[in-house]
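Peer 1: Whatever position you read off the sequence shown (first residue = 1), add 1 for the numbering used here.
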Amino acid sequence: MKIDKKAASILDMAQAGRAPTKEECVFLLQFPETSLEAALLRAVSDSITRRRFNNEGVVLAQIGIEIARCPGGCKFCSFGEGHTAFEPSIMNNEDILRSADNFTASGDLYALFLMTMHTFDFERLVHIVRIVRERIPRETEIVVNIGDFDRAQAQDLKATGVNGAYHVCRLREGIDTALDPEKRKATMRIIKDSRIGLLLLLRTDWTGAQPAGTGRPDLHRARIRMCPARRNEACVFSVGPLVTTWPNFRAPTRASDGRGSSGIPGLPRDEMHRGP
Ligand code: SF4
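Here you go:
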């Protein structure tokens, strides 16, 4: 098997505990996503992640409460306006609660995500959060995966029972998406200031060649900034794809028993909880 020597050397050193430099990250991202080098990069990332987190994880589930042709237009997302094949659809309250029951029945679910498109009906979302919060176990957190929102809305969400928000400023935001990177960052600041959890995912599956000079420095900065999991700031899951299902999915059993812990070794569950 022929692997680029420099790529192999960088990945060898990463496995030995030496983080790649910015230039090395740029170098690694030049390989096409279908290349052996890109596959090896993903495999090494996965291996380091599993070692770092003792091969433990938390079980998350997501309900897409409504879908539409999303004006976010993200080229990597199947809901993006302009290329989606989905017809608009809104789950009714009964189906949402039935899905919430299915997800939480095993008692293993750490957090239930409620997802909308970039634009959404805020009043309805608050109502859904309220009825889901009343229905599911107290220890299961509610996380919203929605478009940008303001401070007042963040407070409303928190008061209704939202524990966290998944929000990111992605690589090539504003280039591969129709969204304003500054608005994405502003929402992340609002989430942080509101003291609800900000969930970021360092996705190890989004690697592959990118046009020269775009996006890559962001990746390095993200790696530097997001690696420490800090209380009340951000908890970082360095994972493969987030499991997203709609509408019915039976939550899998945990790979290992994370009861009483955050699922992240060395980080007690209390340190992840950011309830009202
Ligand atoms: S904003 Fe979200 S839902 Fe909309 S196209 Fe982008 S990734 Fe998909």
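Where a beta carbon is used, it is the ideal one built from N, C-alpha and C, also for glycine.
Owing to the predicted nature of the structure, the values given are computational and were not obtained by experimental measurement.
In its own chain, which residues sit with a C-beta less than 8 Å from the C-beta of leucine 98, not counting the 5 before and 5 after it?
Peer 2: Ile132, Val133, Arg136
Peer 1: Could you give the C-beta distance for cysteine 71 and glycine 58, rounded to a whole number, given that I count them as a contact under 8 Å?
Peer 2: Not confirmed; about 28 Å, so no contact.
Peer 1: Could you tell me the distance, in whole angstroms, from the CA atom of aspartate 109 to the CA atom of alanine 166?
Peer 2: 20 Å
Peer 1: By the DSSP assignment, the beta strand (DSSP E) with valine 145 in it spans what residues?
Peer 2: If you look at valine 145, you'll find it in the beta strand (DSSP E) that goes 142-146.
Peer 1: From Gly73, Ala69, Cys75, Thr178, pick the residue whose C-alpha is nearest to that of glutamate 88; which is it?
Peer 2: Ala69
Peer 1: In or out: methionine 14 buried (at least 16 other Cβ within 10 Å) or exposed?
Peer 2: exposed
Peer 1: If you check the beta carbons only, do aspartate 151 and arginine 185 fall under 8 Å apart?
Peer 2: no
Peer 1: So what does DSSP say about valine 27, is it helix, strand or coil?
Peer 2: Helix, per DSSP.
Peer 1: Could you give the first and the last residue of the continuous beta strand (DSSP E) run that contains leucine 37?
Peer 2: Element bounds for leucine 37: not the beta strand (DSSP E) but the alpha helix (DSSP H), 37-53.
Peer 1: Please report the straight-line C-alpha distance between lysine 76 and leucine 180, rounded to a whole angstrom.
Peer 2: 11 Å
Peer 1: Answer yes or no: do leucine 37 and isoleucine 11 have a C-beta to C-beta separation smaller than 8 Å?
Peer 2: no
Peer 1: Can you have a look at serine 46 and say buried or exposed, based on whether 16 or more other CB atoms are within 10 angstroms of its CB?
Peer 2: buried
Peer 1: Any heavy atom of the ligand SF4 closer than 7 Å to the beta-carbon of methionine 118?
Peer 2: yes
Peer 1: Buried or exposed: where does arginine 260 fall if 16 or more other Cβ atoms within 10 Å of its Cβ makes it buried?
Peer 2: The predicted position of arginine 260 is uncertain, since its pLDDT is 36 and thus under 50; a value taken from the coordinates is nonetheless stated next. Label assigned to arginine 260: exposed.
Peer 1: Glycine 145 to threonine 35, Cα distance in whole Å?
Peer 2: Reading the sequence as shown, one finds valine at residue 145 and not glycine. Each residue's alpha carbon lies about 33 Å from the other.
Peer 1: State the beta-bridge partners of methionine 116 as determined by DSSP.
Peer 2: As DSSP reads the structure, methionine 116 sits in a beta bridge with Gly65, Asn146.
Peer 1: Report yes if the CB atom of threonine 50 is closer than 8 Å to the CB atom of threonine 105, and no otherwise.
Peer 2: no
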